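Asks: First to last, the protein sequences are chains A and B.
Position one of the first sequence corresponds to residue 871 (my numbering), numbered consecutively onward.
Position one of the second sequence corresponds to residue 47 (my numbering), numbered consecutively onward.
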Amino acid sequence: GEDVEQSLFLSVREGDSSVINCTYTDSSSTYLYWYKQEPGAGLQLLTYIFSNMDMKQDQRLTVLLNKKDKHLSLRIADTQTGDSAIYFCAENQGDDKIIFGKGTRLHILP
Amino acid sequence: DAGVTQSPTHLIKTRGQQVTLRCSPKSGHDTVSWYQQALGQGPQFIFQYYEEEERQRGNFPDRFSGHQFPNYSSELNVNALLLGDSALYLCASSFWTTNANEQFFGPGTRLTVL
């Protein structure tokens with residue numbers, strides 16, 4: 871099937887790390903992405919990882935890829951109130967056909 | 047440098063009508079993709095245009111059609127609107143030769159079908 875799976879909600883205390891998990895479907899996907907969507911706004915590409923990499927770090931963001939299990943995760947260190955948003959996992963199944971998950975809503979607790 | 051722009055921002059139509067949505071890509075981009083995002087869902091790929099031709103298509107009926115112009119801007123047309131077509135329609139642009147296909151999204155057009 872074409873479903874990219876993510877948990878729908880995550881609550882994290884401010885200052886803690888957030889970990890958002892995703893399972894994708896196509897083992898031949900070339901690139902995997904994390905997008906952020908704030909209320910009333912379009913999608914913002916946060917980071918992406920090529921399928922031959924295991925990890926990518928970009929400031930507070932760390933992406934881990936387990937290709938064997940088709941599992942992707944996004945870790946946000948020192949979570950801030952501005953990180954409150956919906957985070958979408960997406961895979962490039964080839965020929966630039968991008969399949970998105972339903973999104974994980976990240977809620978920051980004070 | 048303007049990013050991806052879409053018009054209109056909001057639109058209300060009735061069942062059976064036709065609608066045209068417009069998108070201007072980010073400067074320097076030559077590829078436009080369209081997505082439908084229903085409430086509480088992730089974006090669903092409709093189709094992609096490059097060199098004025100449809101290159102990829104998702105699982106959407108023929109009621110959904112598009113066009114790309116020589117200046118790379120694009121239109122999405124939906125005929126015979128159904129209530130279920132109510133959604134946020136997102137346009138994304140990219141540069142064809144970029145291997146990672148980094149797509150930049152516009153703010154979307156919210157379509158309501160009554």
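Note that the Cβ used here is the ideal one computed from N, Cα and C, for glycine as well.
This structure is a prediction, so every number in the text was calculated from the model and none was measured.
1) Relative to the alpha-carbon of residue 905(A), which residue among 70(B), 138(B), 120(B) and 158(B) has its alpha-carbon at the smallest distance?
2) Would you please state the rounded distance, in angstroms, between the beta carbons of residue 893(A) and residue 875(A)? I believe it to be under 8 Å.
3) Taking 8 Å as the threshold (C-beta atoms), are residue 112(B) and residue 100(B) in contact?
4) How would you call residue 933(A), buried or exposed, if buried means at least 16 neighbouring beta carbons within 10 angstroms?
5) Hey, how far is the Cα of residue 942(A) from the Cα of residue 974(A)?
6) For residue 49(B), which residues from the same chain have a beta carbon less than 8 Å from its beta carbon, with the 5 sequence-adjacent residues on both sides left out?
7) Where does residue 242(B) fall in DSSP's three states?
8) Any beta-carbon of chain B closer than 8 Å to the one on residue 891(A)?
9) Assess, as a yes-or-no matter, whether the stretch 894-903 of chain A is touched by the stretch 952-971 of chain A under the definition of 3 or more beta carbon pairs within less than 8 Å.
10) Step through the CB atoms of chain A and report whether any lies within less than 8 Å of the CB of residue 148(B).
11) Counting only runs that start and end within the stretch 928-957 of chain A, where is the beta strand (DSSP E) found for 3 or more residues in a row?
12) Report yes or no: do three or more beta-carbon pairs, one from the stretch 945-958 of chain A and one from the stretch 123-133 of chain B, lie closer than 8 Å?
13) Going by CA-CA distance only, name the one from 95(B), 63(B) and 134(B) that's closest to residue 116(B).
14) Mapping DSSP to helix, strand and coil, what is residue 970(A)?
15) Using a beta-carbon distance cut-off of less than 9 Å, what residues from the stretch 920-953 of chain A approach chain B?
16) Going by other Cβ atoms of all chains shown within 10 Å of its Cβ, with 16 needed for buried, is residue 56(B) buried or exposed?
17) One question on the structure: do residue 78(B) and residue 102(B) come within less than 8 Å of each other, judged by their Cβ atoms?
18) To the nearest angstrom, how far is it from the Cα of residue 160(B) to the Cα of residue 929(A)?
19) I'd like to know whether the C-beta atoms of residue 916(A) and residue 976(A) end up nearer to each other than 8 Å.
20) Would you verify that the beta carbon of residue 957(A) is, or is not, closer than 8 Å to some beta carbon of chain B?
Replies: According to the structure data:
1) 138(B)
2) 5 Å
3) yes
4) buried
5) 13 Å
6) 72, 150 and 152
7) Absent from the model: residue 242(B). The displayed extent of chain B is 47 to 160, so no value can be given.
8) no
9) yes
10) yes
11) 931-936 and 941-946
12) no
13) 95(B)
14) strand
15) 920
16) exposed
17) no
18) 45 Å
19) no
20) no
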